[in-house]
Amino acid sequence: MDSITICLLLSALTVLAVGVNRRRRSKLDAIPSVGPSGHLSSYYGAARFILHAKAMIQEGYDQYKDGFFKVPMMNRWVVVITGPRLLEELRKIPDERLSFDHAIRDVCGCQCFLSFSCPQSH
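Under full-length UniProt numbering, residues 1 to 122 are what the sequence shown spells out, in order.
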């Protein structure tokens with residue numbers, strides 16, 4: 001392969017990756033955010049969250065009481081749910097659809113490490 005072909009291939013892969021990321025991100029666009037929510041500025045918000053997590057959560061709670069909001073992490077957004085109505089709705093979701101074990105595995109990026117085993121999702 002010559003260098004022009006390699007450049008075109010890398011450009012196409014970059015465009016595809018940005019498109020997939022944008023599509024995945026668009027599901028969260030409707031949720032209000034605490035801090036900056038742009039592609040690059042959200043990293044500033046994530047660094048701010050590392051240093052001032054309690055203040056950012058409190059800011060979101062004060063602004064979006066009885067609702068939900070998102071805060072930036074370095075590699076994802078975390079959605080915070082507030083208010084008794086939404087918390088009760090969350091509580092009623094069966095374990096087959098919303099699993100604490102799977103959430104821990106997703107956040108940590110590893111298999112469960114406690115005395116139980118996580119079921120494998122397919």
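From the three backbone atoms N, C-alpha and C, an ideal C-beta is built for every residue, glycine too.
query: Among residues of its own chain, excluding the 5 on either side of Pro36, which ones have a beta-carbon nearer than 7 Å to its beta-carbon?
result: By 1-based counting over the sequence shown, the position of residue 36 is 36. Ser42, Tyr44 and Gly45, listed in sequence order.
Buried versus exposed, by CB contacts within 10 Å (16 or more), Ser33:
Position 33 of the sequence shown, counted from the start, is the residue given in the question as residue 33. By the 10 Å Cβ count, Ser33 comes out buried.
For Ser99 and Thr14, I'd like the C-alpha separation in whole angstroms. Within the sequence shown, the letter at position 99 stands for residue 99. Within the sequence shown, the letter at position 14 stands for residue 14. Taking the straight line joining both Cα atoms gives about 33 Å.
Item to complete: May I have a chain-ordered list of the beta strand (DSSP E) segments no shorter than 3 residues that lie completely inside the stretch 27 to 87?
Response: As far as the stretch 27 to 87 is concerned, its whole beta strand (DSSP E) runs of at least 3 residues are 68 to 72 and 77 to 81.
Can you confirm whether the stretch 87 to 95 touches the stretch 69 to 79 when touching is taken to mean that 3 or more C-beta pairs between the two stretches lie within less than 8 Å? no
Give the straight-line distance between the Cα atoms of Gly67 and Cys108, rounded to the nearest whole angstrom. Taking the sequence shown and counting its residues from 1, one reaches residue 67 at position 67. Taking the sequence shown and counting its residues from 1, one reaches residue 108 at position 108. Distance between the alpha carbons of Gly67 and Cys108 is about 26 Å.
By how many angstroms is the C-alpha of Met74 removed from the C-alpha of Leu8? As a position in the sequence shown, residue 8 is number 8, starting the count at 1. As a position in the sequence shown, residue 74 is number 74, starting the count at 1. Answer to the nearest angstrom: the Cα atoms are 29 Å apart.
**Prompt:** For Asp101, does the three-state DSSP call read helix, strand or coil?
**Reply:** Indexing the sequence shown from 1 puts residue 101 at position 101. Note: Asp101 maps to helix in three-state DSSP.
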